[in-house]
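Okay, so the sequence shown: first residue is 1 according to this note's numbering, each after it adds one. Glycine included, each C-beta is placed from N, C-alpha and C at the ideal position. See structure below.
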Amino acid sequence: SADPNKELELFDVFFELHASGAEFRTRQLALLSAVAVFKDLVPGYRIREPTEVDKAMTRSKGVLTMEKYELSLLAKYRRLLPAVEAAMKQYPKVVAPAL
1 SADPNKELEL FDVFFELHAS GAEFRTRQLA LLSAVAVFKD LVPGYRIREP
51 TEVDKAMTRS KGVLTMEKYE LSLLAKYRRL LPAVEAAMKQ YPKVVAPAL
């Protein structure tokens, strides 16, 4: 099985290719690849940012590691969503099947 933390690093590559890829097709495929990877990584439960109460509690190393991963995933989602929304407006027939 793949390491989810390593796969999160792929988003930087996808975002770079989407932003500055030489060809339109490259930019399009980078975005679609990011969506596919994100769908594989997203857990089956709701991710939320920890509250001040949560932060004040003592948590195990495992919980802190999971929380860091979830917050990284949430940050990637917040970066990915505007790009997907813009692509959906311009090219719905290309992007919609990936969602």
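In terms of alpha-carbon separation, which member of the options lies closest to residue i?
i: Ala19; options: Pro82, Asp54, Gly62, Tyr45; result: Pro82
i: Tyr77; options: Val53, Leu17, Val37, Glu23; result: Val37
i: Pro97; options: Ser33, Met66, Lys55; result: Ser33
i: Pro43; options: Leu74, Arg79, Val95; result: Leu74
i: Met66; options: Lys93, Ile47, Leu80; result: Ile47
Output yes or no for whether 8 Å exceeds the beta carbon distance between residue i and residue j.
i: Leu17; j: Arg27; result: yes
i: Leu99; j: Val35; result: yes
Please classify residue i: does DSSP put it in a helix, a strand, or coil?
i: Ala22; result: coil
i: Ser1; result: Residue placement at Ser1 cannot be trusted, given a pLDDT of 45 that sits under 50; what the coordinates show is reported in the next sentence. In the structure shown, Ser1 sits in coil (DSSP, three-state: anything other than H, G, I, E or B).
i: Thr51; result: coil
i: Arg59; result: coil
i: Asn45; result: Residue 45 is actually Tyr in this sequence, not Asn. In the structure shown, Tyr45 sits in coil (DSSP, three-state: anything other than H, G, I, E or B).
Original post:
With contact counted as at least three CB pairs below 8 Å, one residue from each stretch, are the stretch 81 to 99 and the stretch 56 to 70 in contact?
Top reply: no
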